[in-house]
Amino acid sequence: MNATVKAKLTHCALFVSDMERMLDFYTRFIGLSVTDRGTAKSAEVEMVFLSNDPDEHHQFVLVTGRPENVEFHLNQQFSFLVENLDQLRSVHALAEAEKSPNLRSATHGNAWSIYFDDPEGNLIEIYVHTPWYIPQPHLVPLDLAKSNAEITDETERHCQEYAGYQSAAQRKSDMARMMDARS
Numbered sequence: 073m074n075a076t077v078k079a080k081l082t083h084c085a086l087f088v089s090d091m092e093r094m095l096d097f098y099t100r101f102i103g104l105s106v107t108d109r110g111t112a113k114s115a116e117v118e119m120v121f122l123s124n125d126p127d128e129h130h131q132f133v134l135v136t137g138r139p140e141n142v143e144f145h146l147n148q149q150f151s152f153l154v155e156n157l158d159q160l161r162s163v164h165a166l167a168e169a170e171k172s173p174n175l176r177s178a179t180h181g182n183a184w185s186i187y188f189d190d191p192e193g194n195l196i197e198i199y200v201h202t203p204w205y206i207p208q209p210h211l212v213p214l215d216l217a218k219s220n221a222e223i224t225d226e227t228e229r230h231c232q233e234y235a236g237y238q239s240a241a242q243r244k245s246d247m248a249r250m251m252d253a254r255s
């Protein structure tokens, strides 16, 4: 029998240099909670397990042992979903107050996002789903000083200008059919 596996990504781990600084960042900025903490006997590294989902023991793990002179980051970015534009603005305000490097905001049509670096230079995206879809990649600046209604109206008008525009619900339905066809 040749069953198609449909794995769901549930967590990732990040090597860090300064555990306490990184733990402070991911608990304050992202709102993750520590679910466990300990030293792995096999590798003698400290591991802190974090989650915001009671069904998942951990969604993110911080692990000591990051080499001092890493010339590039092995990850492209870590992305975290928030519920609405107001939460996105709250994280943006915190990142601004903390002078987080490379802070910027954008819309992708299918999401409103902010980007900035964590304390060790890893790119972080915080985003909110929009009710629309347009083909990706797509990125235009986003002004979070505007009202939710203004942002919503501008984004919808912008999305409607692109071939492939559809509602997020229709896109989800199309993707489900495509994924089911693989089974």
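Its first residue numbered 73, the sequence shown is counted upward by one per residue in our numbering. Think of the CB as a built atom: it goes at the ideal place given N, C-alpha and C, for glycine as much as any other residue.
If you look at threonine 227, you'll find it isn't in any beta strand (DSSP E); it sits in the alpha helix (DSSP H) that goes 220-232. In this structure, the CA atom of threonine 224 is about 10 angstroms from the CA atom of histidine 230. Contact check for methionine 94 against leucine 122 fails: the beta carbons are separated by 8 angstroms or more. Going by beta carbons, serine 151 and tyrosine 205 fall outside the 8 angstroms limit. In this structure, Leu153 is the residue among Leu153, Thr111, Glu118 with its C-alpha nearest to the C-alpha of phenylalanine 101. In the three-state reduction of the DSSP assignment, glutamate 118 falls in the strand class, which pools E and B. Across the set Ser177, Glu128, Tyr237, Gly236, the C-alpha of Ser177 shows the shortest separation from the C-alpha of lysine 218.
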